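Participant:
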Amino acid sequence: MDEIKKPQVTGAEKDLEKAGMDGLINALQRNEDPHIRRYAAYLLGKSGDARTVPVLIAALSDREKGVREQAALALSELGRSAIEPLKKAMNDPKWETRYRAVEALGKIADQQVISPLINALKDERDHVRYMAAKGLRDMQDSQAIDPLIALLKDENEFVRMMAAKGLGALGGNKVRAELEQALRSEQNDRVKAAIAEAMK
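The letter at position 59 of the sequence shown is residue 59 when you use our numbering, and the numbering goes up by one with no holes.
Below, the structure is given as structure tokens:
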């Protein structure tokens with residue numbers, strides 16, 4: 001898993017480094033400053049403490065995009081202990097929460113995340129489908145081949161592009177044949193370019 005980049009911090013955020021677990025949780029849940037909440041999420045992820053999972057899951061629904069993103073990254077840092085709560089978060093009515101849950105799962109290099117990522121390819125929101133395809137691309141597991149092939153016909157061009165990239169990472173004769181067929185029928189130039197690149 002890639003190292004999570006530390007957010008830029010100011011004096012107020014720096015003070016959080018001296019706070020204990022309870023102080024960090026309180027900051028993430030109650031502080032009005034989104035920069036404080038974001039850095040608290042970062043530090044909670046770095047703690048490696050599975051007890052922080054519930055509060056980070058809740059932060060996936062934060063009103064600020066940056067906090068949601070950092071919470072997802074923090075959960076991915078916590079690894080297996082976060083998988084089941086993240087799977088539950090994938091059923092959240094808010095697409096932003098589902099999106100961040102899928103993002104976190106995609107960064108956890110574990111076989112347990114493949115099935116939920118495949119299921120997320122059917123999400124009604126294109127953002128979620130895109131992120132699920134991205135996670136499967138990074139996992140490079142053959143179970144994803146058929147679901148990603150089906151995604152080559154998605155209504156959203158960016159989802160189709162990511163499906164092509166995922167298939168390109170997997171390779172094989174079946175994949176190449178499907179990409180060739182998709183290239184012939186695709187009308188969007190950007191998607192065609194992504195398919196062609198995936199076939200190299």
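Beta carbons are placed, not taken as given, at the ideal position from N, Cα and C, and that holds for glycine.
Keep in mind the model is a prediction, meaning the values are calculated, not measured.
(1) Looking only at its own chain, which residues have a Cβ that is under 7 Å from the Cβ of Glu-208, when we skip the five neighbours before and after it?
(2) Flag this pair as yes or no: are the beta carbons of Lys-87 and Pro-54 separated by less than 7 Å?
(3) Buried or exposed: where does Lys-134 fall if 16 or more other Cβ atoms within 10 Å of its Cβ makes it buried?
(4) Measure how close the beta-carbons of Met-90 and Arg-80 come, nearest whole angstrom, since I'm counting them as under 8 Å.
(5) With DSSP as the reference, label Ser-116 as helix, strand or coil.
(6) Locate the alpha helix (DSSP H) running through Pro-85, then write down its first and last residues.
(7) Answer with buried or exposed for Glu-77, where buried requires no fewer than 16 other C-beta atoms within 10 angstroms of its C-beta.
(8) List the endpoints of the continuous alpha helix (DSSP H) containing Asn-31.
(9) Going by the CB atoms, is the gap between Ala-164 and Ala-194 shorter than 7 Å?
(10) Give the secondary structure of Gly-135 by DSSP, where H, G and I count as helix, E and B as strand, and everything else as coil.
(11) Under the rule that 16 or more other beta-carbon atoms within 10 Å means buried, what is Gly-106, buried or exposed?
(12) Mapping DSSP to helix, strand and coil, what is Asp-62?
(13) Enumerate in chain order the residues of its own chain whose CB-to-CB distance from Pro-85 is below 6 Å, with the five nearest sequence positions on each side excluded.
(14) What residue does the alpha helix (DSSP H) around Met-199 start on, and which one ends it?
(15) From Asp-2 to Gln-140, what does the alpha carbon distance come to, in whole angstroms?
(16) Buried or exposed: which applies to Gln-70, given that a residue is buried once 16 or more other Cβ atoms fall within 10 Å of its Cβ?
(17) Over what stretch of residues does the alpha helix (DSSP H) that includes Glu-96 continue unbroken?
(18) Put Leu-183 into one of helix, strand or coil per three-state DSSP.
Facilitator: Judging by the given coordinates:
(1) It is not possible to answer for residue 208, since the shown part of the chain is limited to 1 through 200.
(2) The sequence position of residue 87 within the sequence shown is 87, counting from 1. The sequence position of residue 54 within the sequence shown is 54, counting from 1. No. Outside cutoff.
(3) In the sequence shown, residue 134 corresponds to position 134, counting from 1. By the neighbour-count rule (16 or more Cβ atoms within 10 Å), Lys-134 is buried.
(4) On the sequence shown, position 90 is the one that residue 90 refers to. On the sequence shown, position 80 is the one that residue 80 refers to. Their Cβ separation, rounded to whole angstroms, is 16 Å, which puts Met-90 and Arg-80 out of contact at 8 Å.
(5) Your numbering for residue 116 matches position 116 in the sequence shown. Position check: residue 116 holds Pro in this sequence, whereas Ser was assumed. The three-state secondary structure of Pro-116, taken from DSSP, is helix.
(6) Translated into positions along the sequence shown, residue 85 becomes position 85. Segment 83 to 89, the alpha helix (DSSP H) holding Pro-85.
(7) The residue given as residue 77 occupies position 77 in the sequence shown. Buried: at least 16 other Cβ atoms inside 10 Å.
(8) For the purposes of this step, residue 31 is taken as the residue at position 31 of the sequence shown. Per DSSP, Asn-31 belongs to no alpha helix (DSSP H) and is neither H nor E.
(9) Taking the sequence shown and counting its residues from 1, one reaches residue 194 at position 194. Taking the sequence shown and counting its residues from 1, one reaches residue 164 at position 164. Going by C-beta atoms, Ala-194 is nearer than 7 Å to Ala-164.
(10) Here residue 135 corresponds to residue number 135 of the sequence shown, with the count starting at 1. Collapsing the DSSP output to three states places Gly-135 in a helix.
(11) As a position in the sequence shown, residue 106 is number 106, starting the count at 1. Gly-106 is buried by the Cβ-count criterion.
(12) For the purposes of this step, residue 62 is taken as residue 62 along the sequence shown, with counting starting at 1. Here Asp-62 sits in coil by DSSP.
(13) Here the question's residue 85 lines up with position 85 in the sequence shown. Cβ contact annotation for Pro-85 (same chain, cutoff 6 Å, sequence separation greater than five): Val-53 and Ile-57, in chain order.
(14) Taking the sequence shown and counting its residues from 1, one reaches residue 199 at position 199. That residue, Met-199, is in no alpha helix (DSSP H); it is neither H nor E in DSSP.
(15) Counting from one through the sequence shown, the residue named residue 2 turns up at place 2. Counting from one through the sequence shown, the residue named residue 140 turns up at place 140. In this predicted model, Asp-2 has a pLDDT of only 49, less than 50, meaning its place in the structure is not dependable; the value taken from the coordinates is given anyway. When rounded, the distance between both Cα atoms is 16 Å.
(16) Counted from its first residue, the sequence shown places residue 70 at position 70. So Gln-70 counts as buried.
(17) To locate residue 96, count along the sequence shown from 1; it is residue 96. Note, Glu-96: alpha helix (DSSP H), 95 to 106.
(18) In the sequence shown, residue 183 corresponds to position 183, counting from 1. Leu-183: helix per DSSP, three-state reduction.
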